[in-house]
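Q:
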Amino acid sequence: MPETRISRDESADPRSSDLGARPMIELIRANDVVLIGFARSVLEAAEIPVLVADSHMSLMEGSIGVFGQRLLVPRDHEAQARRLLVDAGIAHELRQP
Numbered sequence: 262m263p264e265t266r267i268s269r270d271e272s273a274d275p276r277s278s279d280l281g282a283r284p285m286i287e288l289i290r291a292n293d294v295v296l297i298g299f300a301r302s303v304l305e306a307a308e309i310p311v312l313v314a315d316s317h318m319s320l321m322e323g324s325i326g327v328f329g330q331r332l333l334v335p336r337d338h339e340a341q342a343r344r345l346l347v348d349a350g351i352a353h354e355l356r357q358p
């Protein structure tokens, strides 16, 4: 899976400002805002930095379903994040490494 680098300027979420230019891994891509919100809250509760990318595009395109939101975590938190999301019952939503 390709890495994504996020700079501070690209993140609209002030809680994500500590991500800097760290390599990010996409764990979930979905149009389901409830799923993305649930996964994000699970990870944030464990103090894992999270970035939700493409949320504005996903909302703008409506119900077409072309653009999904992407849930990204720093590469060094990937294993822990995957375990937490599996334990939360959403293993089937995880993208393959």
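Numbering (this note's numbering), first residue to last: 262 to 358.
Glycine included, C-beta positions come from ideal geometry on N, C-alpha and C.
Just how far apart, CA to CA, sit Glu308 and His338?
A: So the two alpha carbons sit approximately 10 Å from each other.
Q: In whole angstroms, give me the CA-to-CA distance for Ile297 and Glu305.
A: If I take the Cα positions, the gap works out to 12 Å.
Q: Which of helix, strand or coil does DSSP assign to Ile297?
A: Reduced to three states, the DSSP call for Ile297 is helix.
Q: Return helix, strand or coil for Arg344, following the three-state DSSP convention.
A: Helix.
Q: Taking Arg356 and Arg290 to be in contact with their CB atoms under 8 Å, please state how far apart those CB atoms are, rounded to whole angstroms.
A: That belief holds up - the Cβ atoms of Arg356 and Arg290 are roughly 6 Å apart, short of 8 Å.
Q: Does DSSP put Glu305 in a helix, in a strand, or in coil?
A: In the structure shown, Glu305 sits in a helix (DSSP, three-state: H, G or I).
Q: Out of Met285, Glu287, Val334 and Phe299, point me to the one whose CA is closest to Ile351's CA.
A: Checked all of Met285, Glu287, Val334 and Phe299; the closest Cα to Ile351 is Phe299.
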